[in-house]
Amino acid sequence: MPTKPVINNNVFNYEKSDFPKLTDAQLDNLNKIKIIFGDITKVPCDAIVNSASPNLLGGKGVDGAIHEAAGPKLKQECATLNGCTTGEAKITKGYKLHCKYIIHTVGPVYDKNQRDDNSEKLHNCYHNSLKLADEHKVKTITFPAISTGIFGFPTRLALPIVFNTITQTLTECNYINQVNLICHNPINYAAYTSYMNELIKYNKKNTK
């Protein structure tokens, strides 16, 4: 893994409205989340999540990197799955990657005029991926920063959805004990790390 970048606290000058009020169970599940910096194709875990194109046949960014690293058999299996709608999740073997499974989900393309719909679909990406992983008895899973790249979903708006959805969905899971959130650039790593720190502080302060 590359050397972790130095982070600044409160990257986005967060406000109270940026932080969901978590239940005790959700706060416990924050301990299962690990933020890492590096290349998703090189992370040893049971499953990685691919931010896929709707046809599941490979594309740019994370999608292309995963297909290239996994080898041609991944595309062959994906061709049998009849694509994937936004927010849905489908599973394949990991092939040449350091994981048993790849879970493919299609993130929303951000449109500020459809913010609520975009938010629901991003929630579905994380929720459905986790539920599918748990059905296959996955213990460790790694997510990229879904939709925050070329799909244009603002990281500041995505973060509350990501953490609220993961911690809530984990209360419904029986097998998953670690969720990695991998960031491939220093800006996202700083944003994710500082947000998680501030989220913990906010919820601890408001439970006293």
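In my numbering, the protein residues as written are 1321 to 1528.
Glycine included, every Cβ here is placed at the ideal spot set by N, Cα and C.
Where residue i and residue j are concerned, what is the direct C-alpha to C-alpha distance, given to the nearest angstrom?
i        : j        : result
Pro-1506 : Ala-1367 : 23 Å
Tyr-1415 : Ala-1372 : 17 Å
Pro-1428 : Tyr-1522 : 28 Å
Asn-1433 : Leu-1501 : 28 Å
Ile-1327 : Ala-1510 : Unreliable placement is indicated for Ile-1327, whose pLDDT of 49 sits below 50; the coordinate value is still reported in the next sentence. Each residue's alpha carbon lies about 5 Å from the other.
Asn-1375 : His-1424 : 10 Å
Thr-1475 : Thr-1400 : 33 Å
Asn-1349 : Thr-1487 : 5 Å
Ile-1470 : Asp-1344 : 35 Å
Ser-1337 : Gly-1472 : 21 Å
Ile-1520 : Ser-1514 : 10 Å
Lys-1395 : Leu-1377 : 6 Å
Tyr-1446 : Tyr-1495 : 16 Å
Asn-1402 : His-1443 : 22 Å
Among the options, whose alpha-carbon lies nearest the alpha-carbon of residue i?
i        : options                                   : result
Thr-1491 : Lys-1416, Lys-1362, Lys-1451 and Asn-1508 : Lys-1451
Tyr-1512 : Phe-1483, Asp-1436, Gly-1391 and Asp-1437 : Phe-1483
Ile-1360 : Cys-1419, Asp-1344 and Lys-1352           : Cys-1419
Pro-1340 : Ile-1496, Cys-1503, Gln-1498 and Ala-1478 : Ala-1478
Val-1363 : Cys-1503, Asp-1454, Ile-1481 and Asp-1436 : Cys-1503
Ala-1481 : Ala-1453, Asp-1436 and Cys-1493           : Contrary to the premise, residue 1481 reads as Ile rather than Ala in this sequence. The shortest Cα separation from Ile-1481 among Ala-1453, Asp-1436 and Cys-1493 belongs to Asp-1436.
Asn-1333 : Thr-1406, Glu-1518 and Thr-1405           : Glu-1518
Which residue comes first and which comes last in the alpha helix (DSSP H) that contains residue i?
i        : result
Cys-1445 : 1435–1455
Ile-1386 : 1381–1390
Run through the DSSP bridge pairs and tell me what residue i is partnered with.
i        : result
Ala-1367 : Tyr-1421 and Ile-1461
Starting from residue i and walking both ways along the beta strand (DSSP E), at which residues does that stretch end?
i        : result
Lys-1413 : 1409–1413
Determine the DSSP secondary structure at residue i, reduced to helix, strand or coil.
i        : result
Leu-1501 : strand
Ile-1496 : coil
Thr-1406 : strand
Val-1426 : strand
Lys-1524 : helix
Ile-1327 : Legend: pLDDT at Ile-1327 = 49, less than 50; position of this residue unreliable, value from coordinates given subsequently. Correct three-state label for Ile-1327: coil.
Lys-1341 : coil
Ile-1360 : helix
Lys-1354 : strand
Phe-1483 : helix
Leu-1376 : coil
Asp-1431 : coil
Ile-1470 : coil
Lys-1336 : helix
Thr-1400 : coil
Between residue i and the ligand SAM, is there a pair consisting of the residue's CB and a ligand heavy atom that are separated by less than 7 Å?
i        : result
Val-1426 : This structure lacks the ligand SAM, and indeed carries no ligand of any kind.
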